[in-house]
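Participant:
Protein chains: 2
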Amino acid sequence: MDQWNRRGNFGSSVGGDVNPDLRAERRTASFNVEKLTAILDGGADNTSTRRTVEAVIRGDPVFSRENQYFQSQNERYEAAVRKAVHLKEKMNQMGWTENGPEHQYCYRALAGDIAFNVHRVFKSSILALGTDEQITEWIPLADKHYIIGTYAQTELGHGTFLRGLETTATFDISTQEFILNTPKISAMKWWPGDLGRSATHAVVFAQLYIKGKCYGLHPFILQIRSLRDHSPAPGVTVGDIGPKMNFEHIDNGYLMLQNVTVPRENMLSRFSQVLPDGTYMKQGSDKINYLTMIMSRVGMLSSEVIPILLQACTIAIRYSVVRRQSKLNPRDPEAKILDYQTQQQKLLPLLATAYALHFMVAYMNKFYNKGYTEIKQGNFDSLPELHALTSGQKAFATDCCTAGVEVCLRACGGHGYSALSALPFLYTKVMASCIYEGENTVLFLQTARFLVKCLAAVRSGQPIPPSVAYLSSVDPGKCWAMTKMDFLKPDIYAEAYQHRAARLLRNAAAKLQALVQSGTAEYEAWNKCTVQLLQAAKAHSHYIVVKNFIETVEELRNEAEIQKIVKHLCDLYALHGIFSNMGDFLHDGYTSGDQMDMVTASYLDLLAVIRNDAVPLVDAFDFSDESLNSALGSYDGHVYQRLYKWAQKFPANQQVSQAYENYLKPLFQSALSKL
Amino acid sequence: MDQWNRRGNFGSSVGGDVNPDLRAERRTASFNVEKLTAILDGGADNTSTRRTVEAVIRGDPVFSRENQYFQSQNERYEAAVRKAVHLKEKMNQMGWTENGPEHQYCYRALAGDIAFNVHRVFKSSILALGTDEQITEWIPLADKHYIIGTYAQTELGHGTFLRGLETTATFDISTQEFILNTPKISAMKWWPGDLGRSATHAVVFAQLYIKGKCYGLHPFILQIRSLRDHSPAPGVTVGDIGPKMNFEHIDNGYLMLQNVTVPRENMLSRFSQVLPDGTYMKQGSDKINYLTMIMSRVGMLSSEVIPILLQACTIAIRYSVVRRQSKLNPRDPEAKILDYQTQQQKLLPLLATAYALHFMVAYMNKFYNKGYTEIKQGNFDSLPELHALTSGQKAFATDCCTAGVEVCLRACGGHGYSALSALPFLYTKVMASCIYEGENTVLFLQTARFLVKCLAAVRSGQPIPPSVAYLSSVDPGKCWAMTKMDFLKPDIYAEAYQHRAARLLRNAAAKLQALVQSGTAEYEAWNKCTVQLLQAAKAHSHYIVVKNFIETVEELRNEAEIQKIVKHLCDLYALHGIFSNMGDFLHDGYTSGDQMDMVTASYLDLLAVIRNDAVPLVDAFDFSDESLNSALGSYDGHVYQRLYKWAQKFPANQQVSQAYENYLKPLFQSALSKL
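Line by line, the protein sequences are chains A and P. If you count by the numbering used here, then the first sequence holds residues 555 to 1229, one letter each, in order. If you count by the numbering used here, then the second sequence holds residues 555 to 1229, one letter each, in order.
#1: Between the alpha carbons of lysine 1043/A and alanine 1002/A, how many angstroms are there, rounded?
#2: By Cβ distance below 8 Å, which residues in the same chain neighbour serine 1095/P in space, the five residues on each side in sequence not counted?
#3: Which word fits proline 1020/A, buried or exposed, when buried means at least 16 other C-beta atoms lie within 10 angstroms of its C-beta?
#4: Could you pull the start and end residues of the alpha helix (DSSP H) that glutamine 898/A belongs to?
#5: When you check each C-beta in the region 952-969 of chain A against every C-beta of chain P, which residues fall closer than 7 Å?
#6: Just verifying my parser: in three-state terms, what is the DSSP assignment at methionine 799/A?
#7: What alpha helix (DSSP H) runs, 4 residues minimum, are completely inside the region 1052-1128 of chain A?
#8: May I ask you to list the residues that DSSP assigns as paired with proline 773/A?
#9: Please report how far the alpha carbon of glycine 1015/A lies from the alpha carbon of cysteine 1008/A, in whole angstroms.
#10: Per DSSP, what kind of secondary structure is tryptophan 661/A in: helix, strand or coil?
#11: How about arginine 671/A and glycine 750/A: are their beta carbons less than 9 Å apart?
#12: Bridge partners for glutamate 709/P per DSSP, in chain order?
#13: Please name the residue, chosen from Gln1195/P, Ala1168/P, Ser1211/P, that lies closest to valine 587/P on a Cα-to-Cα basis.
#14: Evaluate the contact criterion for the region 629-642 of chain P versus the region 660-669 of chain P: three or more CB pairs, one atom per stretch, below 8 Å.
#15: Please tell me whether isoleucine 929/A and lysine 836/A are closer than 9 Å, where the distance is taken between their beta carbons.
#16: Round the Cβ separation of glutamine 755/A and isoleucine 693/A to the nearest angstrom and send it over; I've been treating them as touching at under 8 Å.
#17: For alanine 1090/A, does the count of other Cβ atoms within 10 angstroms reach 16, so buried, or fall short, so exposed?
#18: Going along chain P, which residues have a C-beta under 9 Å from tryptophan 1034/A?
#19: Mapping the DSSP letters down to three states, classify arginine 964/A as helix, strand or coil.
#20: Find the residues of chain P that neighbour isoleucine 795/A, judging by a C-beta separation of less than 7 Å, and give them in chain order.
#21: Ends of the beta strand (DSSP E) at proline 817/A?
#22: Looking at C-alpha atoms only, which residue of His772/A, Ser1146/A, Leu1110/A, Ser1188/A is the closest neighbour of threonine 1037/A?
#23: Under 9 Å, Cβ to Cβ, is there at least one residue of chain P near glycine 789/A?
#24: Check each residue of the region 937-953 of chain A: if its Cβ is closer than 9 Å to any Cβ of chain P, include it; give the result in chain order.
#25: Could you tell me which uninterrupted alpha helix (DSSP H) segments, each at least 4 residues in length, are contained entirely in the region 617-649 of chain P, listed from first to last along the chain?
#26: Can you grab the Cα-Cα spacing for the pair aspartate 1142/A / glycine 1031/A, in whole Å?
#27: Indicate the three-state DSSP secondary structure (helix, strand or coil) for tyrosine 1273/A in the structure shown.
#28: Between phenylalanine 1224/A and chain P, is there a C-beta pair that is closer than 9 Å?
#29: Run down chain P in chain order and give the residues with a C-beta less than 7 Å from the C-beta of threonine 995/A.
#30: Against glutamate 632/A, what residues of chain P qualify as contacts under a CB-to-CB distance less than 9 Å, listed in chain order?
#31: Nearest to glutamate 731/P by alpha carbon, out of Gly1073/P, Pro887/P, Val828/P, Phe1041/P?
#32: From this set, Leu1226/P, Phe1177/P, Lys1228/P, Tyr844/P, which residue's C-alpha is nearest cysteine 660/P's C-alpha?
#33: Could you say which of Cys1083/P, Gln1212/P, Leu1025/P lies nearest to arginine 1057/P if we only look at CA atoms?
#34: Apart from the five residues on each side of it in sequence, which residues of its chain come closer than 6 Å, Cβ to Cβ, to leucine 911/P?
#35: Which of helix, strand or coil does DSSP assign to glutamate 731/P?
#36: If you draw a straight line from the alpha carbon of threonine 1111/P to that of valine 1120/P, how long is it in whole angstroms?
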């Protein structure tokens, strides 16, 4: 493959050869980049499909992101709607389906910068919660974009605690209708995407009341805007919640309901039903609903979150070999900033993290698919583990990616702070992922609850899921590494991570038990242990990532070159984690101070090793220039030329500012008259 | 004082009483809030001046920030210019001077949201670097806004490494002019504020060439735009560098020079001069220039950086007692989120950090003023210490504040992510402070270099400055705390911080020495130790903050109530630092695992103590609602009402979107025709 073809419009418009410093980095790659790309893609066929999709998107001016950084919020929204409508046509034209691989590659190529993402959630909630009749009624309309739907769950006053939602749906037997209401301001629906300006319909979650009795939260489909003139339906107040830190292209909205009625048939009734006489009936198990939540967490990590870290690493590492600043050797020219140990310390552990999390999500996808098959067959055994794993990993990965993208941005200095670097966009986007789909602290504590149960199971001799098997294994109590080379052995560091996770969990559980035994109410005891339970859940999630990385390295045994470099990344990831959390490993004497010095030495050695392959390792992520949309991160490395070229396109540079006419001109004219 | 008067326009327009949950928090304050405010302000007189200024700013509609979150980049710039021009008139009218306390309170009240900040740097650089004649010529023009200046130092290719700047100024004896040039794209001036659209003049730094010989970097005043029509001067290419992560109101710019000539008199010549015949003369010591840099670092911390953390804490803590989510005790109503230990862990150490850093900056101001007086008298002794202190504290404080504001934002969940919370604005603003006025890694390494020198001085029996006296004190090698109460003794934790800083420095220095002795070139050895030198510099800076906090508590001995709560904050700050960096304290056995458990226990106990005064402790910062400009953080706590009210002002809610007309209407109309 000719790598030149992978450069984007911006790249070619800047023209010229690849920056020589960047070219030199590629010449010395220790492995075949194309081969690693195929491994990351899960097969060369996927790579080829992806590149085809990227070429189609790149070739269509409607999808261009060229002016994105200069657009107003409103322009961004309008462009996103236009792209969503256009993409549907394009996909029909190309014969791509929404469930096929092409759709997800489109999303990647568009950097998620498209409307109607919650419209998809609207559809999947009907598919999951609706009866066959309801699916037949609504899905074709939604599929054709005859209606645009949103998913209205979160309220002003409630996000995390779903049982606390306050919207009501009261069944009126006389009219066979539900009457929906927003009883107070905190009950107003708040945040749903596609709601603020686009949606015509919504799945609304409300507390169901029949004859004065509350039956809890249920989903209702209702029309919120006219299909004729887009005006709000009777009793509906709807609008946009205003600007956010990012997601300017999305019209997150609010929704207030005053006696809005829908027919009885509009309650989504796969799992519970209200009969005409007001009888409430539950049917089947809604356990399977957990799967939807699990799936969307795995989905967000693989399509939104992890790629952002990969992109940020690509940008920062490419920039760090083009940027030269200050002298290392006083007799040499200024050094590439990636040759400074402190810059390596910032970026290379992140590069290792990017690989670690990418492999982790690949594993979660496999685990999810296996669990899905079992559950469809009525075997729910893997559900608790799957739930705990995805909760913990969602929190762990979004935390790591958010912290990581910030490091990348700051590692690029002032130019990283320019919107044109793309890094501010990536940071403000990924940070949201710590909050949506479950707030991270809440999720870690769910994992902690699972771990505490597993520990109790171990103690009472019950079986435990494989991912926590280490809780029942015999722990030697001391790390047996003798030299810094020993710390490059996966057995050594895996055991250290196990020991740390198990110790933190045992300590937190012991404190919990002691408090309860001394008469503290259970809820209060739990609250008093949450700081420590959180540590335990993080340490467990961290261990899982290390373990999976080690297993991934083992699976690469037929690709010697690639296995070698990926093993280095795995070592770096593991040792950086120990280096950065020394206290956890030193606390009970499992490792000694001398061993920590060995860890530090090995960790610093690895920085220099990975340094040599840093650019090929980000090239392997194979992001097109268009999807990066970064003046600092393009394949050809023409950083300064691109910054200048892009800045010139800034609309303020094409006109005399009103500020001059109104405020500066009068000042200067009075100056001229007096000088 | 009636606290109601302190509520802003937004507050009063929402109306009603203070939220009862918030009111309850204030009723139980353990100290007099007004008294603490006066202490934080450095005296009740300052508080009263500040409030007067705030009232003036609040009363003037030009200064309103009400629509800030809805403005485009261009509107923000225009408003900032308008405010700057208007503020000048206002100050004249009020009889306030630029060097008086009122000016800095104006800046605080306006949240820095004003143009011509670099114009002030332009002026101070002329005052510092110009001859008396140059000062007489230029300063009155700049003072009257007859000209607007910028300070053009940073280039596309160079920020940190000033010696690498590439702009040239060649002296032409025949014309008695300097010819300024941008020899290549990387030499283009890039980033200066007020340059992109406003400035008429610039102080430009360029490499001075006389008869082919380079004399290094020198400052030149040049006119860049016409006073008649604002068009670029001949040979000047100038424009705006485009959007950034924040600072939308500032027109950061680029500047390219092609044979731009200025008369010989335009080189700022206090410290070096070019005579008509091309003779280059140095005069006086330019050591005093360090003071300018030191002053601007202290200034940015006290007027930009630390207040942002104080504001973020105010917003997040007030919100956390209004927001109720989930049940703690199943029999109670939903709990205030600040009652969850994990939320306390997020916010209360930050509150302690806010106090710690506020007191640290007060100390730095004192130290600076003392040093300034000495240096004016020709005594430069304190300069190295002052420089190392401010470098380290700038890096340390901006790191802490950036991390802290992110925590505040995320601690407010989804609503924190809304622009209306003000937290995205505060975060993206404070993050820049890690990069400007010296990149943090570079600054920490400057402090490290100072520390390595001090260590060598100790070993050779030379005197060392007071802030590093601990390097020569006898270290017991073991922490002698026996109970968790012992860890509330400042002597105990101060010594632990000293031990940590000294150990990290000694280890890094030993490695450095060993490398050099084994034949590694000095520059390479330094680079290989920078990760560890960085740790040492951070640990030293951290110790300095703890030490200063302890001393501040001691000085409060006449205010028992206040001293008590501030002592708790000091303890929390110190113990949280140990808890979060356990490895550093455990590494050589200075503290044991058991002692760390005591630290943890005391730390968690303190969270519950500070929790009770959390709201009064942020009230004491005394930010007006206008300066916070946050729907979540207002004094009255009407969070949901304000979010809704402000969202309605969003322009998109006042018009039908073009996206509907262009893309959605056609879809829905085709749907209607087919349904």
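Where a beta carbon is used, it is the ideal one built from N, C-alpha and C, also for glycine. Remember, predicted model here, so these are calculated numbers, not experimental data.
Facilitator: Let me spell this out:
#1: Counting from one through the first sequence, the residue named residue 1043/A turns up at place 489. Counting from one through the first sequence, the residue named residue 1002/A turns up at place 448. If I take the Cα positions, the gap works out to 29 Å.
#2: Position 541 of the second sequence, counting from 1, holds the residue named residue 1095/P. The answer, listed in chain order, is Gly946, Gln947, Ala949, Phe950, Phe998, Thr1001.
#3: For the purposes of this step, residue 1020/A is taken as residue 466 along the first sequence, with counting starting at 1. Counting the other CB atoms within 10 Å of its CB gives proline 1020/A a total below 16, which places it among the exposed residues.
#4: Position 344 of the first sequence, counted from the first residue, corresponds to residue 898/A. Glutamine 898/A -> alpha helix (DSSP H) spans 895-930.
#5: In summary, the residues of the region 952-969 of chain A whose CB is separated from some CB of chain P by less than 7 Å are Arg964, Gly967, Gly968, in the order they occur in the chain.
#6: Counting from one through the first sequence, the residue named residue 799/A turns up at place 245. Methionine 799/A falls in the coil class under three-state DSSP.
#7: Within the region 1052-1128 of chain A, the complete alpha helix (DSSP H) segments at least 4 residues long are 1076-1109, listed from N- to C-terminus.
#8: Residue mapping note: residue 773/A aligns to position 219 of the first sequence, counting from 1. Note: proline 773/A sits in a beta bridge opposite Phe759/A.
#9: The sequence position of residue 1015/A within the first sequence is 461, counting from 1. The sequence position of residue 1008/A within the first sequence is 454, counting from 1. Each residue's alpha carbon lies about 10 Å from the other.
#10: In the first sequence, the residue the question calls residue 661/A occupies position 107. As written in the sequence, residue 661/A is tyrosine, which differs from the tryptophan given in the question. In the displayed model, tyrosine 661/A falls within a helix according to three-state DSSP.
#11: The residue you call residue 671/A lines up with position 117 of the first sequence. The residue you call residue 750/A lines up with position 196 of the first sequence. Before going on, a small fix: residue 671/A reads as asparagine here, not arginine. No, Cβ-Cβ distance for asparagine 671/A and glycine 750/A is not below 9 Å.
#12: Position 155 of the second sequence holds residue 709/P. For glutamate 709/P, the pairing in a beta bridge is given by DSSP as Lys743/P.
#13: Start at 1 with the first residue of the second sequence, and residue 587/P comes out as number 33. Valine 587/P has its Cα closest to that of Ala1168/P, out of Gln1195/P, Ala1168/P, Ser1211/P.
#14: At 8 Å Cβ cutoff, the stretches touch.
#15: Indexing the first sequence from 1 puts residue 929/A at position 375. Indexing the first sequence from 1 puts residue 836/A at position 282. In this structure, isoleucine 929/A lies away from lysine 836/A, with their beta-carbon atoms at least 9 Å apart.
#16: By 1-based counting over the first sequence, the position of residue 755/A is 201. By 1-based counting over the first sequence, the position of residue 693/A is 139. Inspection of the sequence shows that residue 755/A is occupied by histidine rather than by glutamine. Taking 8 Å as the upper bound for CB-CB distance, histidine 755/A and isoleucine 693/A are not in contact here, some 12 Å apart.
#17: To locate residue 1090/A, count along the first sequence from 1; it is residue 536. Flag for alanine 1090/A reads buried.
#18: Looking up residue 1034/A in the first sequence gives position 480. Under the 9 Å cutoff, chain P gives no residues; its nearest Cβ is about 19 Å from tryptophan 1034/A.
#19: If you number the first sequence from 1, residue 964/A lands on position 410. If DSSP states are grouped into helix, strand and coil, arginine 964/A belongs with the helices.
#20: Position 241 of the first sequence, counted from the first residue, corresponds to residue 795/A. Chain P residues near isoleucine 795/A: Ser972, Ala1201.
#21: Position 263 of the first sequence, counted from the first residue, corresponds to residue 817/A. Counting along the chain, the unbroken beta strand (DSSP E) around proline 817/A starts and ends at 814-817.
#22: Counting from 1 along the first sequence, the entry for residue 1037/A is found at position 483. Proximity to threonine 1037/A across His772/A, Ser1146/A, Leu1110/A, Ser1188/A peaks at Ser1146/A, based on C-alpha coordinates.
#23: Position 235 of the first sequence, counting from 1, holds the residue named residue 789/A. No, glycine 789/A lies away from the interface with chain P (no Cβ there is under 9 Å from its Cβ).
#24: Contact annotation: in the region 937-953 of chain A, no residue has its CB less than 9 Å from a CB in chain P.
#25: Correct list: 627-648.
#26: Working through the first sequence from its first residue, we reach residue 1142/A at position 588. Working through the first sequence from its first residue, we reach residue 1031/A at position 477. Aspartate 1142/A and glycine 1031/A: Cα-Cα distance of roughly 9 Å.
#27: Because chain A in this structure spans residues 555 to 1229, residue 1273/A falls outside the shown range and cannot be described.
#28: The residue labelled residue 1224/A in the question sits at position 670 within the first sequence. Note on residue identity: the sequence assigns serine, not phenylalanine, to residue 1224/A. At a cut-off of 9 Å, the C-beta of serine 1224/A has a neighbouring C-beta in chain P.
#29: The residue given as residue 995/A occupies position 441 in the first sequence. Residues of chain P whose Cβ lies closer than 7 Å to the Cβ of threonine 995/A are, in chain order, Thr896.
#30: Looking up residue 632/A in the first sequence gives position 78. Ser1211, Gln1212, Ala1213, Asn1216, Tyr1217, listed in chain order.
#31: The sequence position of residue 731/P within the second sequence is 177, counting from 1. Per the Cα distances, Val828/P.
#32: For the purposes of this step, residue 660/P is identified with residue 106 of the second sequence, where counting begins at 1. Residue Phe1177/P is the option with its Cα nearest to cysteine 660/P.
#33: As a working mapping, residue 1057/P is identified with position 503 in the second sequence. The option with the nearest alpha carbon to arginine 1057/P is Leu1025/P.
#34: Counting from 1 along the second sequence, the entry for residue 911/P is found at position 357. Correct list, in chain order: Ile860, Ala951.
#35: For this step, residue 731/P is matched to residue 177 along the second sequence. Residue state, collapsed to three classes: strand.
#36: Taking the first residue of the second sequence as 1, we reach residue 1111/P at position 557. Taking the first residue of the second sequence as 1, we reach residue 1120/P at position 566. First, the amino acid is wrong: residue 1111/P is arginine here, not threonine. Going by the C-alpha atoms only, they are around 11 Å apart.
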